[in-house]
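These protein sequence lines map, in sequence, to chains A and B.
Heads up: the first sequence begins at 1 in UniProt numbering, then just goes up one per residue.
Heads up: the second sequence begins at 1 in UniProt numbering, then just goes up one per residue.
Even glycine gets a Cβ: it sits at the ideal position worked out from N, Cα and C.
Computed from a predicted structure; not experimentally measured.
Below you'll find the structure, written out as structure tokens, and then a few comments.
Number of protein chains: 2
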Amino acid sequence: MLEFHSTIQTQFSSHPVPDISHYNQSTFDELFEIANIAQEINLKAQVLLVIGVGGSFLGARAVIDALTPYFKTDAYGVEVIYAGQNMSGAYLNQLLKYLDTKEIYVNVISKSGSTMEPALAFRVVKQYMEQRYGIESKLRIIVTTDAEKGILKEVADKEGYRRFVIPSEVGGRYSIFTPVGLLPIAAAGIDIQAFIDGAKQAECDLSNENLEQNPAYQYAFSRYELYKKGYSVELLASFEPRLNKLHEWWKQLFGESEGKEYKGLYPSTVNYSTDLHAIGQFIQEGSRIMFETLIHFEEVEADTEIPFTLDDMDGLNYLAGRSMNAINATSKDGVALAHEEGDVPVMKIVLPKLDAYHVGYLMFFFMKACVISATLLEVNPFDQPGVEAYKQKMVELLKKDALVIQK
Amino acid sequence: MLEFHSTIQTQFSSHPVPDISHYNQSTFDELFEIANIAQEINLKAQVLLVIGVGGSFLGARAVIDALTPYFKTDAYGVEVIYAGQNMSGAYLNQLLKYLDTKEIYVNVISKSGSTMEPALAFRVVKQYMEQRYGIESKLRIIVTTDAEKGILKEVADKEGYRRFVIPSEVGGRYSIFTPVGLLPIAAAGIDIQAFIDGAKQAECDLSNENLEQNPAYQYAFSRYELYKKGYSVELLASFEPRLNKLHEWWKQLFGESEGKEYKGLYPSTVNYSTDLHAIGQFIQEGSRIMFETLIHFEEVEADTEIPFTLDDMDGLNYLAGRSMNAINATSKDGVALAHEEGDVPVMKIVLPKLDAYHVGYLMFFFMKACVISATLLEVNPFDQPGVEAYKQKMVELLKKDALVIQK
């Protein structure tokens, strides 16, 4: 199902870790409701605007990018766009102008509703929706938030918005298999049942106590060994550009889970071939601080055949008739050989096919491996105490400004 | 013009560096020709497909992203799309389907023409253009390559394509002010004269021998001091998401220039606010291996005003009437304070306005600082010997496969 390749010797053979199987436990009723609303969005809108930051959008964006075409024509279906992940006034201004030309639904996702970035975006978008759709805006805004408490829960109750629940025991970066991830993914036309089934299979396979058969342990132990040897950066790489956003999700997962108490590997993402011609020189011959984990899906839908040319001016006729995806896979092997020769340890994660099932499998694999890895480091995989620091400084400065303006 | 803020004490006060003023020396005739063809592309096409990898597209993409709207409606003008920067068969397949619905021009950019990624993409796209446009394809393909030699030069001569020259003494990552960058930028509707003028002003300001007044030296010396103190990662950050691709250009510039002889700071890019909720925890409290350089443009066109609400349920009325861009700027100050408290040294690069002139200024600033910085490290700022390693392995494997297939 998932193959893990590594030549790194590890001293561990087992390690107790917290159970995360409940992170993938949507009920049938919930899935049915998600599927229904996803269908309604597809009937009534061209754009689903997802308002959220961090774990509230990185997972959905990762899956949607990985499983929808690179270039979408108007016929494709609902376009998912994100807001509240930045505070650029220009972004929001130009987004609203673009939305003027489309029919829209909004899914605002926040556990508390009080995180500044999505709260500001939602304040602007809520007003926009009310001015544009009037009373119908109440149908077109869907809220995903805590079951019991928080500002967003109160707003949803007051306005009568339909509501999905973020389970209180699931943190943002582990929430992809809850409505946080599932509603936008379903609206984008992706088979959420297959996605969840893949994760269920991973949960089953990766609870195997025979560690030699458990790739999540192998990956976690290997990267911990490298950390102890003094490596400070892990590069997550793949050769299929639509996996870029999956890398970004992984970056949060590992960065927030491990980056505390002055510990942790810095998780950095690279996208090949582009980055071979950007940071490839550094990886090959720069400071020896990094190792690399390659993700590879053996089968990718849609391909291009290299044409034959009569003149063969570029000298590439030896590749004529071959599949570009196969050539891409070979370039992955070339990169692994070259980087290993350059003293960059390389691990490989290989899955059979780029589809909803295997993306679900991979994401659960990473969640499991992350919990193991943070436990080895002796840090709490589930908190993020440092994220508050900049928020406090920012709010202090904003309130000070507000006082000055009032005077 | 450009302000540089750093509290890092440096031991250097001067350092001899190679001159790069000739990297910005397009002639009037060349600029006139670029402007003419850019106009022709806007009259006859909806899409300009730029085929190139590394320095052949990262600069143009950086400028175009930084200076065009986040969301483009059909009325906007020419859409610039890239190919040859990856080897995904799915990407190329879906790209061609999308191109079927648009009128196209192609700009293929490669010094030699023999780099595998763009060469394969061009082989496919050339055939596509000939099948679709027949003899007119010769007018719709523009080549940017070496003046004298290389496969692409030969192809252009044979087919009668119009041609621009990559000066032989300018390496890819320094080529943004040559036709490599200028033609796609002009086609995207950006004022290339202002862009070049900004760089000329930077060239003039940054040749100042009074080092206290020269921010390029200050930046290079500061980062070198931090490198010597044991920091291994530089984060380049900004709060305006459309600068993301400028970060990627910077990553190649510094990574390829310095990452050799097992030396160099690892250049890593972050995009705020998104990454504050992804890797922010690690920056604040993880392994102490990084420092941060913040880019800020004081004025950004297009903005959003925070609306007032009667109920103030989210408690944000204290920000009502304020500009989102101003709030964003305050969040930058909050981040700098928080990260400095977390023992992450922070430098700031501040420019007055996000426009063609100041982006040109900033890019020349980085090129100058990079040459200084690599010289301090005692490495050659202009070569990239390690980039060949994976290419050789890949071509070996591909040729071996080809033999097996023939048998």
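Legend entry - Helix, strand or coil at A320 (chain A) [DSSP, three-state]: coil
Inset, instruction - Kindly list, in the order they appear in chain A, the residues whose Cβ is closer than 9 Å to that of E292 (chain B). - result: What E292 (chain B) touches in chain A: nothing, since even the nearest Cβ is about 12 Å away.
Inset, instruction - Counting only the same chain and skipping the five closest in sequence on each side, list residues whose C-beta sits under 7 Å from that of I372 (chain B). - result: H15, V17, A216, Y217 and A220
Inset, instruction - Please check the pair I141 (chain B) and Y161 (chain B), which I expect to be a contact at CB under 8 Å, by giving their CB distance rounded to whole angstroms. - result: 5 Å
Inset, instruction - Report the rounded CA-to-CA distance for H277 (chain A) versus S287 (chain A), giving the unit in angstroms. - result: 17 Å
Legend entry - is_contact[N86 (chain A), chain B] using C-beta, thresh 8 Å: yes
Inset, instruction - Let me know the secondary structure DSSP gives N42 (chain A) once reduced to three states. - result: helix
Inset, instruction - Could you tell me how far apart the beta carbons of P179 (chain B) and E30 (chain B) are, in whole angstroms, since I believe they sit closer than 8 Å? - result: 7 Å
Legend entry - Delimiting residues of the alpha helix (DSSP H) encompassing F71 (chain B): Element bounds for F71 (chain B): n/a, residue is neither H nor E.
Inset, instruction - Find the residues of chain B that neighbour I176 (chain A), judging by a C-beta separation of less than 8 Å, and give them in chain order. - result: Correct list: empty, because the minimum Cβ distance to chain B is about 14 Å.
Legend entry - Cβ-based contacts, 7 Å cut-off: residues of the stretch 118–147 of chain A near chain D: Among the protein chains in the structure shown, which are A and B, there is no chain D.
Legend entry - Inside the stretch 186–272 of chain B only - beta strand (DSSP E) runs reaching at least 3 residues: 233–238 and 266–271
Inset, instruction - Would you check if the stretch 44–52 of chain A and the stretch 98–112 of chain A touch, i.e. whether three or more CB-CB distances between them fall below 8 Å? - result: yes
Inset, instruction - Rounded to whole angstroms, what's the CA-CA distance from V344 (chain B) to N328 (chain B)? Just pull it up for me. - result: 21 Å
Legend entry - Assigned exposure category for E3 (chain B) - 16 Cβ within 10 Å defines buried: exposed
Inset, instruction - Could you tell me which chain A residues have their CB closer than 9 Å to the CB of D314 (chain B), listed as they occur along the chain? - result: G113, S114, A119, L120, F122, R123, I151, L152 and V155
Legend entry - Residue range of the beta strand (DSSP E) that includes I292 (chain B): The question names Ile, yet the displayed sequence has Glu at residue 292 (chain B). Where E292 (chain B) is concerned, the enclosing beta strand (DSSP E) stretches over M290 to E299.
Legend entry - Under 8 Å between C-beta atoms of P241 (chain B) and S88 (chain A): yes
Legend entry - Whether L99 (chain B) touches T144 (chain B) by CB criterion (8 Å): no
Inset, instruction - For chain B, find out if any of its Cβ atoms is closer than 8 Å to the Cβ of Y98 (chain A); answer yes or no. - result: yes
Inset, instruction - For V404 (chain A), decide whether its Cβ has a neighbour in chain B, counting only Cβ atoms nearer than 8 Å. - result: no
Inset, instruction - Give the DSSP-derived three-state secondary structure of D146 (chain A) in the structure shown. - result: strand
Legend entry - Sufficient close CB pairs (3 or more, under 8 Å) joining the stretch 291–298 of chain B to the stretch 346–355 of chain B: yes
Inset, instruction - Starting from R288 (chain A), find everything on chain B with Cβ-Cβ shorter than 9 Å and list it in chain order. - result: Y262
Inset, instruction - For G342 (chain A), collect the residues of the same chain with a Cβ closer than 8 Å to its Cβ; drop the 5 residues on either side in sequence, then sort them by chain order. - result: I283, Q284 and E285
Inset, instruction - Can you have a look at L253 (chain B) and say buried or exposed, based on whether 16 or more other CB atoms are within 10 angstroms of its CB? - result: buried
Legend entry - Minimum Cβ-Cβ distance from G171 (chain B) to chain A less than 8 Å: no
Legend entry - Per-residue contacts from E240 (chain A) into chain B (C-beta, under 9 Å): N86, S88, A90 and Y91
Inset, instruction - With a 10 Å radius around its C-beta and 16 neighbouring C-beta atoms as the bar for buried, classify G230 (chain B) as buried or exposed. - result: exposed
Inset, instruction - For my contact list, Y357 (chain B) and D205 (chain B) are in at a C-beta cut-off of 8 Å; report their separation, rounded to the angstrom. - result: So it is not a contact: roughly 13 Å between Cβ atoms.
Inset, instruction - Compare the C-beta of Q46 (chain B) against all C-beta atoms of chain A and say whether one is closer than 8 Å. - result: no
Legend entry - Beta-carbon neighbours of P69 (chain A), restricted to chain B and to distances below 7 Å: Q94
Inset, instruction - Within 10 angstroms of the Cβ of L319 (chain A), are there 16 or more other Cβ atoms? Answer buried if so, exposed if not. - result: buried
Inset, instruction - Kindly indicate which residue of A:I289, A:A302 and A:K400 has the alpha-carbon position closest to the one of L95 (chain B). - result: A:A302
Inset, instruction - Could you say which of A:W250, A:I135, A:A90 and A:E117 lies nearest to V359 (chain A) if we only look at CA atoms? - result: A:W250
Inset, instruction - Take the Cβ of A75 (chain B) as the centre, count every other Cβ of all protein chains shown within 10 Å, and call the residue buried at 16 or more, exposed below. - result: exposed
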